[in-house]
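Trainee: In the working numbering, the protein residues as written are 159 to 327. Here you go, one structure.
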């Protein structure tokens, strides 16, 4: 193995990647996944906690029916997002020691991606509601669309482009 993370095969050709077993790879990927989930969990839990308090504010009764519906959809999205992003922790705890870590990592990864999609929807609805109430401006849907597009680029576009561009075929 060289300092650059490449190894030589029997023919003197260099290959990229790690020399690890499936279990070692699952352990590494699990550690990375949990670190990533921690970041998303923190954000969604703060947002969800904030959303839960809105209904108890006196101004809630003054919201239009449309804004109240947006709020309810946003709260439900926040709840299911929290479930999806906490799911990998529960999954790990319930299957720990059962020698299914590679499968658990795959399912946890799927839950995390689902959680990110749901977080995108929760953020969009939260922004829509806040901007509607704060500005009463017809430009709000366009601003929210622009922010959603930005999230799509940052959260999915750039990672997928990087994956395609730099993955070894």
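From the three backbone atoms N, C-alpha and C, an ideal C-beta is built for every residue, glycine too.
Report yes if the C-beta distance between residue 289 and residue 302 is below 8 Å; otherwise report no.
Mentor: Here residue 289 refers to the residue found at position 131 of the chain shown. Here residue 302 refers to the residue found at position 144 of the chain shown. The answer is yes: Cβ separation under 8 Å.
Trainee: By the DSSP assignment, the alpha helix (DSSP H) with residue 175 in it spans what residues?
Mentor: For the purposes of this step, residue 175 is taken as the residue at position 17 of the chain shown. From DSSP, residue 175 is part of no alpha helix (DSSP H); its letter is neither H nor E.
Trainee: Note the first and the last residue of the continuous alpha helix (DSSP H) segment covering residue 261.
Mentor: Residue 261 sits at position 103 when you count from the first residue of the chain shown. Residue 261 -> alpha helix (DSSP H) spans 259–293.
Trainee: DSSP three-state label for residue 314, please.
Mentor: Here the question's residue 314 lines up with position 156 in the chain shown. Three-state result, residue 314: helix.
Trainee: DSSP state of residue 256, grouped into three classes?
Mentor: Within the chain shown, the letter at position 98 stands for residue 256. It is coil, neither helix nor strand.
Trainee: When you compare the CB positions of residue 318 and residue 263, do they come within less than 8 Å of one another, or not?
Mentor: As a first step, residue 318 is located in the chain shown; it is residue number 160 there, counting from the start. As a first step, residue 263 is located in the chain shown; it is residue number 105 there, counting from the start. No, these two residues do not count as a Cβ contact at 8 Å.
Trainee: Between residue 238 and residue 276, how many whole angstroms is the CB-CB distance? I'm expecting something under 8 Å.
Mentor: For the purposes of this step, residue 238 is taken as the residue at position 80 of the chain shown. For the purposes of this step, residue 276 is taken as the residue at position 118 of the chain shown. About 6 Å separates the Cβ atoms of residue 238 and residue 276, confirming a contact at the 8 Å cut-off.
Trainee: Check whether the segment 176–190 and the segment 209–222 touch, using three or more Cβ-Cβ pairs below 8 Å as the test.
Mentor: Fewer than three Cβ pairs drawn from the segment 176–190 and the segment 209–222 lie within less than 8 Å of each other, which leaves the two stretches out of contact.
Trainee: Rounded to the nearest angstrom, how far is the Cβ of residue 243 from that of residue 195, given a contact under 8 Å?
Mentor: Looking up residue 243 in the chain shown gives position 85. Looking up residue 195 in the chain shown gives position 37. 6 Å between Cβ atoms; contact.
Trainee: Please name the residue in 218, 320, 234 whose C-alpha comes closest to that of residue 206.
Mentor: On the chain shown, residue 206 is found 48 positions in, with the first residue counted as 1. With distances taken between Cα atoms, residue 206 lies closest to 234.
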